[in-house]
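Data first, discussion second: the structure below is written as structure tokens.
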Amino acid sequence: MRKESQPHPSLENLIEGEDLGFEILHPGGLEITQELANLCNIHAGSFVLDVASGTGETACYLAEKFGARVVGVDGSDLMIERAREKANQKKLDIEFRKGDAHRLPFDDDTFDAVISECTICILDKEKAIGEMRRVVRPDGYVGFHDICWKDRTPQRMKTRLAEIEGEKPETLEGWKVLCENAGLVDVQTIDRSSLIPPWMKETTKNLSLASICKIVRKVIRLWGFSGLTEVWESERIFQSKYTGYGVLVGRKQNG
Ligand SMILES: C[S@@+](CC[C@H](N)C(=O)[O-])C[C@H]1O[C@@H](n2cnc3c(N)ncnc32)[C@H](O)[C@@H]1O
107 MRKESQPHPS LENLIEGEDL GFEILHPGGL EITQELANLC NIHAGSFVLD VASGTGETAC
167 YLAEKFGARV VGVDGSDLMI ERAREKANQK KLDIEFRKGD AHRLPFDDDT FDAVISECTI
227 CILDKEKAIG EMRRVVRPDG YVGFHDICWK DRTPQRMKTR LAEIEGEKPE TLEGWKVLCE
287 NAGLVDVQTI DRSSLIPPWM KETTKNLSLA SICKIVRKVI RLWGFSGLTE VWESERIFQS
347 KYTGYGVLVG RKQNG
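Residue numbers (this note's numbering): 107 to 361.
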């Protein structure tokens, strides 16, 4: 029987709960990060916040390749530790701060750009986008990429993903409306759904046998054999024709 104190048997919890060898936790790798950075007008000297910065891969990339001044915030001690280690190894001066995306520990109008990759769908979406908008300066950019439902996705699939993974994606249009409701203007959307199948394939291929054994042992220990079924079910949802991916970028209006 599932112990109620344990989080759900979700892929998200497994990947974030320990180091399974993944550095980038979103589809599209650093190519989609580069696209996002360009759309957000990130350049040398830009002051950038990466919300839910994970292992610090994006923050290091933006500092190294764009010459940006980057701050990363993440809710997980493990992720913050991995990110700091990575930046130290690369001799990059990046601040990684533990914090909650729903209450960003920064003043209003602080950053030139605020980004987030593949995370908002697990958060209170209105609050998280509202916080990103609050801390970006007037005329600055807020950008993210995230999971999107395709039109006509069955409601039971949405409900199951929310139950298993705690993820509540929107359609691309739905994400746009959320951005506009948060006060962003000139919101652009780009459908990048074609990135999901190669990402799922790549992730599975890159899992070492040792990591697979570690995952299976952990799932059975925490949730029993039914946990394996749930993990498998969410994997199938990610691979379904209804699951897409999109990039969204908007601007905070000046005045
Ligand atoms: C799917 S990973 C994405 C990590 C990174 N953005 C990337 O693309 O590689 C989600 C990240 O969100 C972080 N996270 C989850 N809830 C959070 C919250 N409320 N506030 C800040 N970070 C959070 C997790 O610790 C994890 O690092």
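Using N, Cα and C, we set each Cβ at its ideal position, and we do this for glycine too.
Bear in mind the structure is a predicted one, so any value in this text is a computation, not a measurement.
Given this structure, state the Cα-to-Cα distance separating residue 203 from residue 271, to the nearest angstrom. Here residue 203 corresponds to residue number 97 of the sequence shown, with the count starting at 1. Here residue 271 corresponds to residue number 165 of the sequence shown, with the count starting at 1. Taking the straight line from one Cα to the other gives about 25 Å.
Quick one: Cα of residue 206 to Cα of residue 247, how far? Sequence index remark: in the sequence shown, residue 206 carries index 100 (1-based). Sequence index remark: in the sequence shown, residue 247 carries index 141 (1-based). Spanning the two alpha carbons is a distance of roughly 20 Å.
Suppose you measure from the CA of residue 346 to the CA of residue 339; what does that come to, to the nearest Å? As a working mapping, residue 346 is identified with position 240 in the sequence shown. As a working mapping, residue 339 is identified with position 233 in the sequence shown. In a straight line, the C-alpha of residue 346 is about 11 Å away from that of residue 339.
Going by the CB atoms, is the gap between residue 162 and residue 193 shorter than 8 Å? Taking the first residue of the sequence shown as 1, we reach residue 193 at position 87. Taking the first residue of the sequence shown as 1, we reach residue 162 at position 56. Contact flag set, yes.
Taking the straight line between their C-alpha atoms, what separation do you get for residue 154 and residue 141? For the purposes of this step, residue 154 is identified with residue 48 of the sequence shown, where counting begins at 1. For the purposes of this step, residue 141 is identified with residue 35 of the sequence shown, where counting begins at 1. In a straight line, the C-alpha of residue 154 is about 15 Å away from that of residue 141.
How far does the beta strand (DSSP E) with residue 247 in it reach, from first residue to last? Reading the sequence shown from its first residue, position 141 is the one you call residue 247. Segment 242 to 255, the beta strand (DSSP E) holding residue 247.
Using the C-alpha atoms, what's the distance from residue 188 back to residue 283? Numbered from its first residue, the sequence shown carries residue 283 at position 177. Numbered from its first residue, the sequence shown carries residue 188 at position 82. Their Cα atoms are separated by approximately 35 Å.
By DSSP, does residue 344 sit in helix, in strand, or in coil? The count along the sequence shown starts at 1 and reaches residue 344 at position 238. Of the three classes helix, strand and coil, the one that applies to residue 344 here is helix, per DSSP.
From residue 220 to residue 174, what distance separates their C-alpha atoms? For the purposes of this step, residue 220 is taken as residue 114 along the sequence shown, with counting starting at 1. For the purposes of this step, residue 174 is taken as residue 68 along the sequence shown, with counting starting at 1. Cα to Cα, the separation comes out at about 12 Å.
Any heavy atom of ligand 2 within a distance shorter than 7 Å of the CB on residue 222? Although ligand 2 was asked about, the structure shown includes only ligand 1 as ligands.
Heavy atom of ligand 1 less than 7 Å from the Cβ of residue 252, yes or no? Sequence index remark: in the sequence shown, residue 252 carries index 146 (1-based). No, ligand 1 has no heavy atom inside 7 Å of this Cβ.
Separation of residue 329 from residue 108, as counted between CA atoms: The residue you call residue 108 lines up with position 2 of the sequence shown. The residue you call residue 329 lines up with position 223 of the sequence shown. Because residue 108 sits at a pLDDT of 42, beneath the cut-off of 50, its placement in the model cannot be relied upon, and the following sentence gives the value as read from the coordinates. In a straight line, the C-alpha of residue 108 is about 5 Å away from that of residue 329.
Please check the pair residue 356 and residue 297, which I expect to be a contact at CB under 8 Å, by giving their CB distance rounded to whole angstroms. By 1-based counting over the sequence shown, the position of residue 356 is 250. By 1-based counting over the sequence shown, the position of residue 297 is 191. No, residue 356 and residue 297 are not in contact; Cβ-Cβ is about 16 Å, not under 8 Å.
Starting from residue 357, follow the beta strand (DSSP E) in both directions and report where the run begins and ends. Start at 1 with the first residue of the sequence shown, and residue 357 comes out as number 251. Unbroken beta strand (DSSP E) run through residue 357: 349 to 358.
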